[in-house]
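No gaps in the numbering here: position 688 of the sequence shown is 683 in the numbering used here, and each next residue is one more.
Quick notes on the structure that follows.
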Amino acid sequence: MMKNSISASKASLVFFLYQMISALDVPLDSKLLEELSQPPTITQQSPKDYIVDPRENIVIQCEAKGKPPPSFSWTRNGTHFDIDKDEQVTMKPNSGTLVINIMNGGKAEAYEGVYQCTARNERGAAISNNIVIRPSRSPLWTKEKLEPNQVREGDSLVLHCRPPVGLPPPIIFWMDNAFQRLPQSERVSQGLNGDLYFSNVQPEDTREDYICYARFNHTQTIQQKQPISVKVFSTKPVTERPPILLTPTGTTSNKVELRGNVLLLECIAAGLPTPVIRWIKEGGELPANRTFFENFKKTLKIIDVSEADSGNYKCIARNILGSTHHVISVTVKAAPYWITAPRNLVLSPGEDGTLICRANGNPKPSISWLANGVPIAIAPEDPSRKVDGDTIIFSAVQERSSAVYQCNASNEYGYLLANAFVNVLAEPPRILTPANKLYQVILDSPALIDCAYFGSPKPEIEWFKGVKGSILRGNEYVFHDNGTLEIPVAQKDSTGTYTCVARNELGKIQNEVQLEVKDPTMIIKQPEYKVIQRYGHVSFECIIKHDSTLIPTVIWLKDNDELPDDERFLVGKDNLTIMNVTDKDDGTYTCIVNTTLDSVSASAVLTVVAAPPTPAIIYARPNPPFDLELTGQLERSIELSWIPGDENNSPITSFVIEYEDGLHEPGVWHYQTEVPGSQTTVQLKLSPYVNYSFRVIAVNEIGRSQPSEPSEQYLTKSANPDENPSNVQGIGSEPDNLVITWESLKGFQSNGPGLQYKVSWRQKDVDDEWTSVVVANVSKYIVSGTPTFVPYEIKVQALNDLGYAPEPSEVIGHSGEDLPMVAPGNVQVHVINSTLAKVHWDPVPLKSVRGHLQGYKVYYWKVQSLSRRSKRHIEKKILTFRGNKTFGMLPGLEPYSSYKLNVRVVNGKGEGPASPDRVFKTPEGVPSSPSFLKITNPTLDSLTLEWGSPTHPNGVLISYILKFQPINNTHELGPLVEIRIPANESSLILKNLNYSTRYKFYFNAQTSVGSGSQITEEAVTIMDEAGIPRPAVGAGKVQPLYPRIRNVTTAAAETYANISWEYEGPDHANFYVEYGVAGSKEDWKKEIVNGSRSFFVLKGLTPGTAYKVRVGAEGLSGFRSSEDVFETGPAMASRQVDIATQGWFIGLMCAVALLILILLIVCFIRRNKGGKYPVKEKEDAHADPEIQPMKEDDGTFGEYSDAEDHKPLKKGSRTPSDRTVKKEDSDDSLVDYGEGVNGQFNEDGSFIGQYSGKKEKEPAEGNESSEAPSPVNAMNSFV
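Here you go:
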């Protein structure tokens, strides 16, 4: 920035020379570049923190430019680095870049350090950043002994990764032995430190191959930690727990982040159910568009942080049992960043200038200056230089003042270093544009004539036309800062010689250039749409007109691509001919004319049709009219004429004329008028202040032509507006204002510039003068301070700079409404019947309405039922009666109830006060149906009826009416019997009924008004002793009319499942079980249940598979239960050595086999003697092959396996761990059999124990521990 004392000319000189010199990549004349001196500029350098691959050569970049070319030197760790003494280090020619040969015996560790490059020439010295060289490291994992993790289901778990410290730090991820990434979720996720967190563990988390990997990208290596084993053991039930934070610990923590970096905050919680994480910023909002949530919302990510992001961030972990939180106090610091970096300064001798170096940071950085790489305090003195903090001020510089200055801004988080040179030059003007350069442009297009120049001080540029012409000035020329002369619209008289003169205090120079203005290239005969028969020939014309000094080239394209390489296509001077046309020649053909200055094109479509037997007449849309001409121009009218295009065998029926308003709506065409097809001229009416262009469209029976080319433009003169705004309204938005609105005039309706509106108003029926105000081109005006809801006369008049529109008509509006002041009076209620009432009221005075009367609202509500004397929640109902109505009907009332109502008047603002509450009562009505009717205790000749009183008695009950009649086997009804029952009864025993007969009952209640709706039911008396025996169980319950199967339950093991159900319906039903794989579309498999048992064992199932099951009864119209889904347990695979090959086990099994043989002999002897043991008694009592004792080959020995294989059954298995089914513990127990003994079943579904009349169950010999079962236990389980 220049000091205020520097003149404007000097300031522009410095700015221009900075642009031209400070960046030498700006294209300049090569000779000029060779002559001008420039201090060094660093153009390329290695990053400040440079991590290198220790296996490859180290390349430390340092490139610079300057005039003369700079020389280079290096320091290492603050001292001179003599590269000539180290045979492993070389410097590239004409460069400062170092190459350290590591691949030829060198060690990267030996070259760690801080390097700095200096580029120097006679004008100064520039320095690079401090480049810290460090070789990357990817160390191996420390050997450690990892103990298996045994965790209880539902507990939290953290698997630590602890990767080796590398440079740069590695990327962490978790995989298994198959190199598959471990799935992560809200429950299981990886933390920022690489550890794997489990909010709660589940049985499926058991595995032995949790492996942490560290990827070192710089050396492209991956290190693997030893696998970690996790075993989850189950305890029933699993205890749910509120959230606790696994990381971070405690309730508060601190975090410091640097400005511009990415802020990552993390909260991972344990708990069951899995907690959900939510983030908030205390006292503020999370920044929009920069906030992201990662790792299932456990990580808060804010990009590009700034000091405004400092504050307290709270993470909240919550589940159904509670919540916990942690507050992270974030402080955003900042390494130095530029506010104003110093910029190169080019001055002339004697001029003044400044270098400014301003940086910010947190903490505030300190600013220090260097001159040519040396602290400015010890640098050679320069009388023209004065240091003032972050600014160096130069006064009256000389050529020896040229130097390179370095600004260093640093704080504890980093530093910035910038080079900026001061180059003092004294150069006379030079013009770099070649002399007598010829410029050619097309007529009516812009012309840009260059005068590239250089000089110090900055030269002044002047342009002249002709050798002795005067200096060019005026609006027809544009003078650019770079010396270029622009003629916005070149005309024929713009042709000639132009002279550019550059001068400064050191000299003057001039240069002449030539400008020629050429005629534009035009296609005067364009190719036309063609329809040609197959195998004919067609020709497209393209006749052009061009400037005689330009050589045009004509190119033909087909469908925007080159013409086919086919000898049938003949390109002539003015045409394209296609011989022997085929179907593939169909398409769009384009003629493109190019010159060195311009290009034009025109296209036409070729349609190839089959050759008809006789020549067909081709009908098409007409060609567009042309040669539009405007004549007889008047202020409000003009005459338009045109020449019709080819009608294409279909007579033109009409012409449509459209216009464009280039002043108000350029590019938008509007319909003007339509004339008959025989007419080619029309007189058009015009509006003032419109810049008209016209076009014509021809219409025939085939369609509309393309629009013609627009006519020349015609601007009509301005005039007063002809019309006023429409749709004027006056409606108040507040009680004390009047909002006047209208529809504004369109642009062309304004008739002139400066469109405004005169808004006038006065109170109606009051002898007031009009109040007026003129507003801009808007559509609303608000009048404040008006009385509430009074009528106003309103008018809005348009005006422009030339005057007013005609006097507008008046409209009536009203000021704003307010709430009504008075409630309706004399409210009367006339009760018509038990559910309908009529309400009357007196209308309120219109003045008290204070607005437009919209109607009346009646609020009414039930206070209490007179029959129950119990109040309930009041629910108000509202009825609205539109207009000035003074009565209304209240339908839907409840009989025998007390009601209240009030009435309110309504206007556009809202409701007025309510009238006093009016109480009225409804008379009794008929009751609702009784709440229920149950029929129990059937005998041969009686039934017991029980019922509940009506839910809505609607009055005082006086009695119940019972009607019933028998139904025979053909569903015909017998005689109807009616019984009246006192209202205080709730049950009745009907006697003297026919046995084994179905009856239909009709039951309702009565009040003094009449009978209510009835409830019906059917029931059957039981058969006599000669028929089927009476049921022994549940005899006191009437069999339902429709049977049902409910409470289908399953208990699944690996390859079998026990299915049980409850049945209600006729006795001796034959059941079947259908099952299939859940989610499969295969047909159901069906198993018949022998006898009428209510359980069944499905065998041969696949372990670990989900099945669907349902139960049905034969002969009941395909009646089935609802579906149930279960899952078999996983297959038990032993990981131990096969004990069947062990000698001790073989001996034990032999002993067992001998014992079994002895038992079989004893059983055989007892059977031959006719004796029975308890199980035999049950089998005889219930002869059912499904529950016969298992054969020897159906039993299974307990398998000796490792303790890890005794895992709990997966979800879907409902078998308890002790292999017993307890009715009080599980909904999936077997239903009672016989006298209700609970059975125990083995893995294959066979029952263990005796079917006896005991009420207490023998304890099962189940395996209760996680230890492997011994062979003795396995034997006990079998026996």
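Using N, Cα and C, we set each Cβ at its ideal position, and we do this for glycine too.
Here the structure is a predicted model, which means the values were calculated and not measured.
From the DSSP output, which residues share a beta bridge with lysine 60? As a working mapping, residue 60 is identified with position 65 in the sequence shown. Its beta-bridge partners are Thr36.
Cutoff 6 Å; reference leucine 342; Cβ partners in own chain excluding five residues on either side: Position 347 of the sequence shown, counted from the start, is the residue given in the question as residue 342. Excluding positions up to five away in sequence, the list reads Gly348, Val392 and Val419.
Take leucine 629 as the anchor and find which of Lys712, Thr992 and Ile437 has the nearest alpha-carbon. Position 634 of the sequence shown holds residue 629. It is Lys712.
Am I right that serine 489 and proline 617 are in contact with their C-beta atoms under 8 Å? What's the rounded C-beta distance? If you number the sequence shown from 1, residue 489 lands on position 494. If you number the sequence shown from 1, residue 617 lands on position 622. About 41 Å; that fails the 8 Å criterion.
In terms of DSSP beta bridges, what is threonine 326 paired with? For this step, residue 326 is matched to residue 331 along the sequence shown. BP columns for threonine 326 point to Val251.
Looking only at C-alpha atoms, which of Ala312, Glu511, Gln179 and His541 sits nearest to valine 595? Taking the first residue of the sequence shown as 1, we reach residue 595 at position 600. Checked all of Ala312, Glu511, Gln179 and His541; the closest Cα to valine 595 is His541.
Taking Cβ positions, are alanine 1046 and glutamate 1109 nearer each other than 9 Å? Position 1051 of the sequence shown, counting from 1, holds the residue named residue 1046. Position 1114 of the sequence shown, counting from 1, holds the residue named residue 1109. Contact: no.
Run of the beta strand (DSSP E) containing leucine 831, from where it starts to where it stops: For this step, residue 831 is matched to residue 836 along the sequence shown. It spans 831 to 837 - the beta strand (DSSP E) in which leucine 831 sits, taken as one unbroken run.
Which residues bound the alpha helix (DSSP H) around leucine 841? Here the question's residue 841 lines up with position 846 in the sequence shown. That run of the alpha helix (DSSP H) goes 841 to 844.
DSSP beta-bridge partners for serine 632? On the sequence shown, residue 632 is found 637 positions in, with the first residue counted as 1. Per DSSP, Lys680.
Residues in its own chain within less than 6 Å of glutamine 823 by CB, not counting five upstream and five downstream? The residue you call residue 823 lines up with position 828 of the sequence shown. Scanning its chain for C-beta atoms nearer than 6 Å, with the 5 sequence neighbours on each side dropped, one finds around glutamine 823 the residues His835, in chain order.
What's the C-alpha gap between glutamate 870 and valine 914? In the sequence shown, counting from the first residue as 1, residue 870 sits at position 875. In the sequence shown, counting from the first residue as 1, residue 914 sits at position 919. In a straight line, the C-alpha of glutamate 870 is about 16 Å away from that of valine 914.
Could you check where the beta strand (DSSP E) with arginine 210 kicks off and where it finishes? On the sequence shown, position 215 is the one that residue 210 refers to. Segment 202 to 211, the beta strand (DSSP E) holding arginine 210.
Would you mind sorting isoleucine 387 into buried or exposed? The rule is 16 or more other CB atoms within 10 Å of its CB. As a working mapping, residue 387 is identified with position 392 in the sequence shown. When all chains shown are included, isoleucine 387 counts as buried.
Chain-order list of residues whose beta-carbon lies under 6 Å from that of glutamate 1181 (same chain, five-residue window excluded): Taking the sequence shown and counting its residues from 1, one reaches residue 1181 at position 1186. Any reading at glutamate 1181 is ruled out, since the residue's pLDDT is 35, under 50, leaving its predicted position unreliable.
Judging by CA-CA distance, which residue of Gln521, Gln674, Glu557 and Met517 is the nearest neighbour of proline 547? If you number the sequence shown from 1, residue 547 lands on position 552. Of the candidates Gln521, Gln674, Glu557 and Met517, the one whose C-alpha sits nearest the C-alpha of proline 547 is Met517.
Between which two residues does the beta strand (DSSP E) carrying aspartate 383 extend? Counting from 1 along the sequence shown, the entry for residue 383 is found at position 388. Start and end: 380 to 383.
Inter-stretch contact at 8 Å, needing at least 3 Cβ pairs: the stretch 439 to 454 / the stretch 393 to 407: no
Through-space distance from leucine 281 to histidine 1296, alpha-carbon basis: Given that the chain is displayed from residue -4 to residue 1274, the structure contains no residue 1296 and the question cannot be resolved.
Are the beta-carbon atoms of alanine 264 and leucine 240 separated by less than 9 Å? For this step, residue 264 is matched to residue 269 along the sequence shown. For this step, residue 240 is matched to residue 245 along the sequence shown. Closer than 9 Å, so yes.
What residue from Asn414, Ile692 and Lys852 has the CA that sits closest to asparagine 879's CA? For the purposes of this step, residue 879 is taken as the residue at position 884 of the sequence shown. For asparagine 879, the nearest C-alpha among the options comes from Lys852.
In the structure shown, what three-state DSSP assignment does glutamate 1187 receive? The residue you call residue 1187 lines up with position 1192 of the sequence shown. Note that glutamate 1187 scores 38 on pLDDT, short of 50, meaning its location in the model is unreliable; the coordinates nonetheless yield the value given after this. Of the three classes helix, strand and coil, the one that applies to glutamate 1187 here is helix, per DSSP.
Under 8 Å by Cβ, that's how I've got glycine 749 and asparagine 795 pegged, so tell me the actual separation to the nearest angstrom. As a working mapping, residue 749 is identified with position 754 in the sequence shown. As a working mapping, residue 795 is identified with position 800 in the sequence shown. About 5 Å separates the Cβ atoms of glycine 749 and asparagine 795, confirming a contact at the 8 Å cut-off.
Measure the alpha-carbon distance for valine 417 versus asparagine 686 and round it to whole angstroms. Translated into positions along the sequence shown, residue 417 becomes position 422. Translated into positions along the sequence shown, residue 686 becomes position 691. Distance between the alpha carbons of valine 417 and asparagine 686: 57 Å.
Roughly how far, in whole angstroms, is the beta-carbon of tyrosine 192 from the beta-carbon of valine 146, given that I think they are within contact range, below 8 Å? By one-based count along the sequence shown, residue 192 stands at place 197. By one-based count along the sequence shown, residue 146 stands at place 151. In fact, because the Cβ distance is near 13 Å, the residues do not count as touching under 8 Å.
Rounded to the nearest angstrom, how far is the Cβ of valine 815 from that of threonine 881, given a contact under 8 Å? For the purposes of this step, residue 815 is taken as the residue at position 820 of the sequence shown. For the purposes of this step, residue 881 is taken as the residue at position 886 of the sequence shown. The sequence shown places proline at residue 815, not valine. About 15 Å; that fails the 8 Å criterion.
Provide the residue span of the beta strand (DSSP E) that contains asparagine 902, from first to last. Looking up residue 902 in the sequence shown gives position 907. Residues 892 to 902.
Valine 734 - containing beta strand (DSSP E), residue span: For the purposes of this step, residue 734 is identified with residue 739 of the sequence shown, where counting begins at 1. Valine 734 -> beta strand (DSSP E) spans 732 to 738.
Could you spell out where the beta strand (DSSP E) holding glutamate 1122 opens and where it closes? On the sequence shown, residue 1122 is found 1127 positions in, with the first residue counted as 1. Element bounds for glutamate 1122: 1119 to 1122.
Could you check whether valine 1072 and aspartate 1119 sit closer than 9 Å to each other, using their CB atoms as the reference points? Your numbering for residue 1119 matches position 1124 in the sequence shown. Your numbering for residue 1072 matches position 1077 in the sequence shown. Not a contact, by the Cβ cut-off of 9 Å.
Beta strand (DSSP E) runs contained entirely in the stretch 901 to 937, provided each spans 3 or more residues: Counting only runs that start and end inside the stretch 901 to 937, the beta strand (DSSP E) elements of at least 3 residues fall at 913 to 916 and 925 to 931.
Confirm, please, whether the CB-CB distance from glycine 306 to serine 324 is below 9 Å. The residue you call residue 324 lines up with position 329 of the sequence shown. The residue you call residue 306 lines up with position 311 of the sequence shown. Yes, Cβ-Cβ distance for serine 324 and glycine 306 is below 9 Å.
Can you list, in chain order, the residues of its chain with a C-beta nearer than 8 Å to that of isoleucine 647? Leave out the 5 residues immediately preceding and following it. Residue 647 sits at position 652 when you count from the first residue of the sequence shown. Excluding positions up to five away in sequence, the list reads Pro617, Pro639, Gly672, Ala693, Val694 and Asn695.
With which residues is histidine 665 paired in a DSSP beta bridge? What you label residue 665 is simply residue 670 of the sequence shown in a count that begins at 1. Histidine 665 pairs with Tyr654.
Under 9 Å, do threonine 992 and valine 972 count as touching if we go by C-beta distance? As a first step, residue 992 must be located in the sequence shown, where it is residue number 997. As a first step, residue 972 must be located in the sequence shown, where it is residue number 977. Between threonine 992 and valine 972, the CB-CB gap reaches or exceeds 9 Å.
Can you pull the DSSP bridge partners for methionine 517? What you label residue 517 is simply residue 522 of the sequence shown in a count that begins at 1. Its beta-bridge partners are Lys540.
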